[in-house]
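Asks: Sequence order for the protein chains is P and H.
Reading the first sequence from the start, the letters are residues 1 to 349 in UniProt numbering.
Reading the second sequence from the start, the letters are residues 1 to 350 in UniProt numbering.
After the structure tokens below, expect a handful of questions from me.
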Amino acid sequence: MSDTGAPDVSDENPLLRVEGLQKHFQINEGLISSLLRATMGKEADYVHAVDGVSFELERGETLGLAGESGCGKTTTGMSLVKLHEPTDGRIEFRGMDLTESDDEELDEFRQNAQMIFQDPFESLNPRMTVYDTLAEPLRIHDIENETARIRRALEFAELQPPDHYFDQYPHELSGGQRQRVAIARALVLDPDFIVADEPVSMLDVSLRAGVLSLMERMTEEFNLSVVYISHDLSLLRHMCDRLAIMYMGEIVEKGATEDIIENPQHPYTRSLINAVPVPDPDVGRERVELAGEVGDAIDVPSGCRFHGRCSEYIGDICETDSPSLEQKAEFDDDREVSCHLYDSCGKQS
Amino acid sequence: MSVLDISDLEVYYETESAPAQAVDGVSFTIEEGENLGIVGESGCGKTTLAKAIIGILPDEGYVNRGSIEFDGKDLTELPDVERRRYKWEEISMIAQSAMNALDPVYTIREQIVEAIETHRPGTGRTESNEIVAEMFDLVGLDPERADDYPHQFSGGMRQRAMIAMALALEPSLVLADEPTTALDVIMQDQILKRIGEIQADINSSMMVITHDVSVVAETCDRVIVMYGGKIAEEGPVEEIFGEPYHPYTIGLKRAFPNIRESDQDLLSISGYPPELTDPPSGCRFAERCPMATNECRTVEPKAHHQDGLRTYCHYADEIDDGFRSRADDPKTWKDTEAARSAQTVAEVND
């Protein structure tokens, strides 16, 4: 698929490298408010939805982005597949800097990066048949063997026999089947990279496991790299190799999934894991209630953004110094934490 | 004493063809101060059940048979005018989507005050405002925000406002329909804790309707698992999540990952719920059940009582003869799925 002439440097580089990704949204963008602002000489206000996110994703690796509503995880995911233009920062795909790519390179990237959305009732066009839904990306990218590819993608998504679904419209399908169509649509272009935003949260419990195991199979068979976005840590634990916990537009802790779930170190990660209910009435869960909610990221707090809700607040440093996400002397795994509780060991990400 | 006693209830919806039997022969009770969980997937009849209890069925819905006794009175027999008195004052409901349940053109205060003054005529404005302030305090909202409109609240705050409204008249029964489904885990944890505290305070009973088994495991005393309009299994929360008898309960329990366990083999219940306009004559779950036999497909199972559980399964008495271990094995379910899918392919190709 690298017939665009771009150098294929995929061997040395991770599939995806994100550095200092920022996405700010201006608020009160309307004509009147911007005129008013100009006459009063005031600066525009911005929502700092994503504010300096960095990570790498290897081939075949699955990364979970977790956090509360409004922490910026979905904006991050959408920026990764270029559904948002980042305000600042670099996104490198196979060593190619997307912020400086020309149209042809972006075209190739768009073939290789796909997104699966939360709500299959809204992400499929109600006026398009299943066949057309899957054919559209193939036509846009001028790919041949349309029918064979569509048949294979539907078969993979366990929509059997595929021809039976060709002429069906989304309203004729159940929620689980629709999400399978959305997955087939993402796979039909043979991508390397997929962002899945809460892929099962709209589905019935009895159907979730089926869709999850389909996604596991897809990751394995196609050696896909996947970023899963969810607030549900039970699900992420099941699906991901590594986790990144986000708070107010920043990653506060990242590392191997098992290390983070079994032994969370950032006070925010701890509260997040503690809040997950357990389907076993005999397990008494220690409930550390995290008060309040993520503030609006307009006037971002100084220092550590979590200091107002933190149970481990250790003094002025939390309010004045912004902690950096780095490996700490206390831990021998490769986890990175941004918290003043721990000592820096000099290795910064 | 039972607050609610439902017996052989049938709630149907009129459709162009035959009526849809959304709730079909359901009986259970809720005791004073008890929390009952109703678990099941979409279309199993759990929300219809709640709507029938509080009396807000849509026009095409009706109670075909059975009784809903509240406080010793059969609500289905009461004329509308009398029925309305129970609504909100004795039985209130926390709806799933607070965004849609709150009126966007009135402030939160106006909406709560309206509920109070409608049901308690003669309550002065000062007194109503005191109740609003008190309820806001209880659910952890700043009373000064009571004059805000719903759109000025975040999702979690709206859900809290909804709870404040549902509890303002100290009802003896609260129906909570997916009270936290739209919220993230942190907000869910806060809200569940808050509901629990207030409920203990006013000693109300609660019926929690959800598809999230972990929420039920943490908040309820007793659980009913519904499938296709009928009760599949009912019992104390420890038994239902410990060693249930019904293959559907066993499947549901294994269908979603638990944060406390690594490397779980998840179980997927393939297929779809039955058509309620023409329900199967045997066990409603037979079509998706990997353990189903001919008897299951033709004869409706009777209740089997053991270990405090009420189970509607023909094989409940053979549970220890390898039945549970087979039903608890994801492979059993996968094999059945593969066999059925091969069958569909063959049928379509014919």
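Beta carbons are placed, not taken as given, at the ideal position from N, Cα and C, and that holds for glycine.
Using a Cβ cut-off of 8 Å (strictly closer), state whether residue 256(H) contacts chain P.
Replies: It does: the Cβ of residue 256(H) has a partner Cβ on chain P nearer than 8 Å.
Asks: So is residue 332(P) in contact with chain H if we call contact Cβ pairs under 8 Å?
Replies: Not an interface residue.
Asks: Can you check which of these residues, 31(H), 284(H), 301(H) and 158(H), is closest to residue 95(H) by C-alpha distance?
Replies: The shortest C-alpha separation from residue 95(H) is found at 158(H).
Asks: In the DSSP assignment, find the alpha helix (DSSP H) that holds residue 169(H) and state where it starts and stops.
Replies: Careful: residue 169(H) lies outside any alpha helix (DSSP H) and carries neither H nor E.
Asks: Determine the chain P residues that contact residue 264(H) at a beta-carbon separation under 7 Å, and present them in chain order.
Replies: Result: 238.
Asks: For residue 103(H) and residue 153(H), I'd like the C-alpha separation in whole angstroms.
Replies: For residue 103(H) and residue 153(H), the distance between alpha carbons rounds to 13 Å.
Asks: So, at 7 Å on beta carbons, what are the nonlocal neighbours of residue 19(P) in its own chain, with the 5 sequence-adjacent residues on each side left out?
Replies: Contacts found: 54, 89 and 90.
Asks: Under 9 Å between beta-carbons, which chain P residues line up against residue 241(H)? List them in chain order, please.
Replies: Here the neighbours are 279, 280, 281 and 282.
Asks: Is it buried or exposed for residue 282(P), if we count other Cβ within 10 angstroms and need 16 for buried?
Replies: Exposed is the call here.
Asks: So, for residue 333(H): in the same chain, excluding its five sequence neighbours on each side, which residues have a beta-carbon less than 8 Å away from its beta-carbon?
Replies: The answer, listed in chain order, is 251, 267, 268, 269, 270 and 290.
Asks: Take residue 336(H) and list the residues in its own chain whose beta-carbon comes closer than 7 Å to its own, dropping the five residues that flank it on each side.
Replies: Hits under 7 Å: 290.
Asks: Within 10 angstroms of its Cβ, does residue 186(P) collect 16 or more other Cβ (buried), or is it exposed?
Replies: The residue in question, residue 186(P), is buried, as its Cβ has 16 or more Cβ neighbours within 10 Å.
Asks: Grab the span of the alpha helix (DSSP H) containing residue 236(P) for me, first residue to last.
Replies: Here the alpha helix (DSSP H) through residue 236(P) covers 233-239.
Asks: When you compare the CB of residue 46(H) with every CB in chain P, is at least one pair closer than 8 Å?
Replies: Not closer than 8 Å to any Cβ of chain P, the Cβ of residue 46(H) fails to qualify, so no.
Asks: At a Cβ threshold of 8 Å, is residue 167(P) touching chain H?
Replies: No, residue 167(P) does not count as interfacial toward chain H.
Asks: Run through DSSP, which three-state label would residue 183(H) get?
Replies: Coil.
Asks: To test your reading of the DSSP string, which unbroken alpha helix (DSSP H) runs of 4 or more residues are found completely within the segment 135-184 of chain P?
Replies: With a minimum length of 4 residues, the continuous alpha helix (DSSP H) runs that stay inside the segment 135-184 of chain P are 146-156.
Asks: Does any residue of chain P have a CB that is nearer than 8 Å to the CB of residue 259(H)?
Replies: True, the Cβ-Cβ gap to chain P drops below 8 Å.
Asks: Going by CA-CA distance only, name the one from 194(P), 86(P), 274(P) and 272(P) that's closest to residue 60(P).
Replies: Answer by Cα proximity: 194(P).
Asks: How big is the Cα-Cα spacing for residue 146(H) and residue 164(H)?
Replies: Distance between the alpha carbons of residue 146(H) and residue 164(H): 11 Å.
Asks: Spell out a yes or no on whether the segment 213-222 of chain P and the segment 215-233 of chain H are touching, meaning 3 or more CB-CB pairs, one atom from each, closer than 8 Å.
Replies: Output reads no: the segment 215-233 of chain H does not touch the segment 213-222 of chain P.
Asks: Mind listing the chain H neighbours of residue 174(P)? Cutoff is C-beta to C-beta under 7 Å, in chain order.
Replies: The answer, in chain order, is 272.
Asks: Counting C-beta neighbours from all protein chains within 10 Å, is the total for residue 189(H) 16 or more, i.e. buried, or is it exposed?
Replies: By the neighbour-count rule (16 or more Cβ atoms within 10 Å), residue 189(H) is buried.
Asks: Nearest-angstrom Cα distance between residue 62(P) and residue 177(H)?
Replies: Near 34 Å, if we compare the C-alpha coordinates of residue 177(H) and residue 62(P).
Asks: Under 8 Å Cβ-Cβ, which residues of chain H neighbour residue 160(P)?
Replies: 341, 344 and 345, listed in chain order.
Asks: Give the straight-line distance between the Cα atoms of residue 324(H) and residue 245(H), rounded to the nearest whole angstrom.
Replies: Between residue 324(H) and residue 245(H), the C-alpha separation is close to 7 Å.
Asks: Roughly how many angstroms lie between the CA atoms of residue 312(P) and residue 196(P), to the nearest whole one?
Replies: Those two C-alpha atoms are separated by around 33 Å.
Asks: Beta strand (DSSP E) containing residue 196(P): first to last residue?
Replies: From DSSP, the beta strand (DSSP E) with residue 196(P) extends over 193-197.
Asks: Looking only at C-alpha atoms, which of 86(H), 2(H), 254(H) and 43(H) sits nearest to residue 27(H)?
Replies: Residue 2(H) is the option with its Cα nearest to residue 27(H).
Asks: Quick one: is residue 267(H) near chain P, going by C-beta distance under 8 Å?
Replies: Closer than 8 Å: yes.
Asks: Please classify residue 273(H) as buried or exposed, where buried requires at least 16 other C-beta atoms within 10 Å of its C-beta.
Replies: Looking at its Cβ environment, which holds 16 or more other Cβ atoms inside 10 Å, residue 273(H) is buried.
Asks: For chain P, is any of its Cβ atoms less than 8 Å away from the one on residue 19(H)?
Replies: Cβ-Cβ to chain P under 8 Å: no for residue 19(H).
Asks: For the segment 246-279 of chain P, which residues have a beta carbon sitting closer than 9 Å to at least one beta carbon of chain H?
Replies: So the list reads 257, 258, 261, 262, 271, 272, 273, 274, 275, 276, 277, 278 and 279, given in the order they occur along the chain.
Asks: When you compare only the Cα positions, how much space is there between residue 321(H) and residue 205(P)?
Replies: Taking the straight line joining both Cα atoms gives about 28 Å.
Asks: Identify the contact partners of residue 154(H) in chain P, using a Cβ-Cβ distance below 7 Å as the criterion.
Replies: Residues of chain P passing the Cβ test: 293.
Asks: Report yes or no: do the segment 2-22 of chain H and the segment 193-201 of chain H share at least 3 C-beta pairs separated by less than 8 Å?
Replies: Output reads no: the segment 193-201 of chain H does not touch the segment 2-22 of chain H.
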